[in-house]
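The next block holds one structure in the form of structure tokens; read it before the comments.
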Amino acid sequence: EDLRVDGRGCEDYRCIEVETDVVSNTSGSARVKLGHTDILVGVKAEMGTPKLENPNEGYLEFFVDCSANATPEFEGRGGEELGTEIVNTLYRIFSTENTIDVKSLCINPREHCWILYVDVLLLECGGNLFDAISIAVKAALFNTRIPKVRVLEDEEGSKEIELSDDPYDCIRLNVDNVPCIITLSKIGCRHVVDATLQEEACSLASLLLAVTNRGFLTCMKKMGNGSLDPESIFEMMETGKRVGKTLHTSLQKILDKEESLGTTRQKVGFLG
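Heads up: the sequence shown is residues 1 to 272, going by this note's numbering.
Here's what the structure looks like:
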């Protein structure tokens, strides 16, 4: 009947709170609250050596920390398996061509490039983790500022790298093609987006879709022990594309609005 326990329809998200620039010693950061799910992402840009197979590109490294405070299941080594699964999913999404212009992260082919270390911290788990993480990663990358670099070469041919001191003289990443994950959980004969913990407990199978702002699917993954028939999968893909486009539009509007406030905006941080 398109009505869930909390009053939402099948395609409705809970209220999403997004705040960027919340961690001072990072190149970019974001915090996302989606219902009772709370995610913090920090991006640190460090200089390194390009990979041998891609000598004129920089690259991203992902790390996920499942805080023991997030849920009792993460105590001890409980969160390691989930952390690995999230990291692998993020690598898969960002391995798609044109997601991020990694060539712009190259300083000197074969010698120097920027490596973006993306740290994801799960502060609280209240269902729909993958969607919240993808939103937080996109917001943190949007907020990332990489110092501009000049390569100085002396008469002997040795190169010296000079970083700009001006905080406004920086490279910004184009995140237009960074997809968001839309998780569709099959419950009975219907599927819902943004499942709560209770709804996840009722769902035997779900589909993770990486959807771009234009509604293109870049990758998909099935989760859970249950099965999905082909007709359900096609329906879920169409729903994912539709919901994904709306989510991207709302997120970009919020990020642009927050940025337009500049230094005058009031930061909420962890006290809000």
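We put the CB at the ideal spot given by N, CA and C, even for glycine.
Which residue or residues does DSSP assign as beta-bridge partners of residue i?
i, result
"residue 40", "31, 121"
"residue 62", "118"
"residue 20", "30"
"residue 51", "None, per the DSSP bridge assignment."
"residue 206", "185, 223"
"residue 283", "The requested residue 283 does not occur in the structure, where the chain is confined to residues 1 to 272."
"residue 106", "113"
"residue 151", "161"
I believe residue i touches residue j by the beta-carbon criterion, under 8 Å. Please report the beta-carbon distance rounded to the nearest angstrom.
i, j, result
"residue 70", "residue 125", "5 Å"
"residue 173", "residue 160", "Not really, about 26 Å apart at Cβ, beyond 8 Å."
"residue 218", "residue 11", "The pair is not a contact, with the Cβ atoms about 21 Å apart (cut-off 8 Å)."
"residue 32", "residue 195", "About 16 Å separates the two Cβ atoms, so there is no contact after all."
"residue 245", "residue 89", "The pair is not a contact, with the Cβ atoms about 21 Å apart (cut-off 8 Å)."
When the Cα atoms are used, what is the spatial distance from residue i to residue j?
i, j, result
"residue 183", "residue 146", "31 Å"
"residue 257", "residue 158", "45 Å"
"residue 280", "residue 209", "Any question about residue 280 goes unanswered here, given that the chain covers just 1 to 272."
"residue 106", "residue 228", "43 Å"
"residue 102", "residue 241", "26 Å"
"residue 181", "residue 24", "27 Å"
"residue 170", "residue 68", "36 Å"
"residue 112", "residue 94", "21 Å"
"residue 39", "residue 140", "11 Å"
"residue 193", "residue 250", "16 Å"
"residue 92", "residue 60", "12 Å"
"residue 66", "residue 3", "32 Å"
Got a sec? Which residues, its chain only, sit under 6 Å from residue i by beta carbon, not counting five neighbours each side?
i, result
"residue 16", "34"
"residue 45", "27, 114, 116, 146"
"residue 13", "194"
Taking its Cβ as the centre, do 16 or more other Cβ atoms sit within 10 Å of residue i, making it buried, or is it exposed?
i, result
"residue 5", "exposed"
"residue 7", "exposed"
"residue 142", "buried"
"residue 150", "exposed"
"residue 253", "exposed"
With a CB to CB cut of under 7 Å and the five nearest residues on each side skipped, what residues in its chain are close to residue i?
i, result
"residue 200", "127, 185"
Residues in the same chain with beta-carbon distance under 8 Å from residue i, minus the five sequence neighbours each way, listed in chain order, please.
i, result
"residue 225", "204, 205"
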